Amino acid sequence: MTRVDAWTGAAPLAVRGRPRRLVPMVLGFEPIREDVSIRGGSAFRHLMEPVTAAAVVYDEGWILLDGGFDPDRVRDPVRRAASFDYEGYTPIVPQGDPLVDQVAEAGLQWGDLAGAAISHAHFDHTGAARLLDDDQPLLLQRREWQHVCEAPSERAAFLFRADFDHPRLRIGLLDGDTSLAPGVDAIDTAGHTPGHQSFVVRLAGESIVLAGDAADLRANIDQRAPTGSVADPVDDAAAQRAVDRLTALDARADTVVWPSHDPEWEPWQRTIRRR
Ligand SMILES: [Zn+2]
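Offset between the sequence shown (1-based) and the working numbering: plus 1.
And the structure:
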């Protein structure tokens, strides 16, 4: 049975030192209508968007931010048909287990993982929960967890409660902006989902903000245009506030915001080209 604690019960994460590098990972692909990713986008055009995650590597230990799909849900024909029944949508997971494979290629050990945080509970971000042990908490906003527990329809909310249902899984709930570990902060960017969060990673000389789906595309930042996808129309204003917050961070000379699903974004491209 999954255990759910406040962040204070999950903290501190077992890392030592400072964040030394950030490892971009591409865990899958999905066709997304442009106006879903950016308000005002085309309802005709579809982008083949990468599903991304990142590892933050410390002197000792590392943290996983987001986690892609559960590959078994995508590959098992029965589960796939039951899970991804949406017009114009199909989840794609490349061969192998992209998360496990890319963690190994980065020279990281699962046993050194201190914990994972997800931007939000959509099914293209929750796939890592299956791999976590009881000393590796999964961190998300309390409002997001309430949304997971209370959403009337998993299908309409694009999430699977079963992704969070593992005997060894321990969930830690955050309330707004929270320092997760030295040099890594979660920041409130609710809108796309009720408890969406982004992550600020302070490396030597540069800060990287992992926007999550508050900015699927770089154009969300460059045009200050919010996501076109909110759980409820009342969240439109929050989605605008979220992208405004990210745009303000991006304006800092030492900070760059990474969009989560942009096919053209260089760090994701670099990861794809290597394979
Ligand atoms: Zn996503």
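Quick reminder that beta carbons are idealized off the backbone N, C-alpha and C, glycines included. Fair warning: this is a prediction, and the values are worked out from it, not measured in the lab.
Residue i and residue j closer than 8 Å at C-beta
i      : j      : result
Arg40  : Pro234 : no
Pro264 : Glu35  : no
Leu247 : Ile209 : no
Ala115 : Leu14  : yes
Asp125 : Gly29  : yes
Val244 : Arg225 : yes
Leu160 : Val149 : yes
Gln198 : Ser120 : yes
Asp71  : Asp164 : yes
Ala118 : Leu141 : yes
Arg171 : Pro138 : yes
Val52  : Ile273 : no
DSSP-derived helix/strand/coil call for residue i
i      : result
Ser199 : strand
Ala215 : helix
Leu133 : coil
Arg40  : coil
Arg271 : helix
Arg17  : strand
Pro227 : coil
Gln241 : helix
Gly108 : coil
His123 : coil
Gly69  : coil
Arg81  : helix
Pro153 : coil
Phe165 : helix
His148 : helix
Leu160 : coil
Thr248 : helix
Ala12  : coil
Ala232 : coil
Bridge partner(s) assigned by DSSP for residue i
i      : result
Glu31  : Glu50
Gly116 : Ile64
Val58  : Arg22 and Trp63
Ile188 : Ser199
Thr179 : Ala187
Asp6   : Gly173
Glu88  : According to DSSP, which records beta bridges pairwise, Glu88 is partnered with nothing at all.
Ile93  : Phe30
Ala208 : A small fix is needed here, since residue 208 is Ser in this sequence, not Ala. BP columns for Ser208 point to Arg203 and Thr256.
Leu140 : Ala118 and Gly173
Best match in the options for proximity to residue i [C-alpha to C-alpha]
i      : options                         : result
Trp269 : Asp77, Ile33, His123 and Ala54  : Ala54
Val58  : Val52, Phe30, Val24 and Met49   : Val24
Ser230 : Ala254, Val258 and Pro195       : Pro195
Arg76  : Glu88, Pro92 and Leu66          : Pro92
Phe200 : Val257, Arg275 and Trp111       : Val257
Gly89  : Ala205, Arg171 and Glu31        : Glu31
Arg17  : Leu181, Trp259 and Asp251       : Leu181
Arg253 : Arg203, Leu218 and Arg275       : Arg203
Gly213 : Arg162, Asp6 and Ser38          : Ser38
Val94  : Gly128, Tyr87, Ala122 and Asp86 : Gly128
Leu48  : Asp217, Tyr87 and Leu170        : Asp217
Gly42  : Asp251, Glu267 and Ala220       : Ala220
Tyr87  : Thr3, Asp255 and Ile33          : Ile33
Met2   : Asp166, Ala215 and Ala249       : Asp166
Any chain C beta carbon closer than 8 Å to residue i
i      : result
Gly177 : Given the protein chain composition of this structure (a single chain), no chain C is represented.
Q. Do the stretch 163–181 and the stretch 103–110 touch if we need at least three Cβ pairs shorter than 8 Å?
A. No, the stretch 163–181 does not touch the stretch 103–110.
Q. Hey, is the stretch 10–24 in contact with the stretch 74–94, meaning 3+ C-beta pairs nearer than 8 Å?
A. Output reads no: the stretch 74–94 does not touch the stretch 10–24.
Q: Could you tell me whether the stretch 181–191 touches the stretch 93–104, where touching means 3 or more Cβ pairs closer than 8 Å?
A: Because the criterion of three Cβ pairs below 8 Å is not met, the stretch 181–191 and the stretch 93–104 do not touch.
Q) Are the stretch 152–169 and the stretch 201–221 in contact at 8 Å, needing three or more beta carbon pairs? A) Segments in contact, no.
Q.
Is it the case that the stretch 60–78 contacts the stretch 236–243, given that we only count it when at least three CB pairs across the two stretches are under 8 Å?
A. Segment contact: the stretch 236–243 against the stretch 60–78, fewer than three CB-CB distances shorter than 8 Å; contact not assigned.
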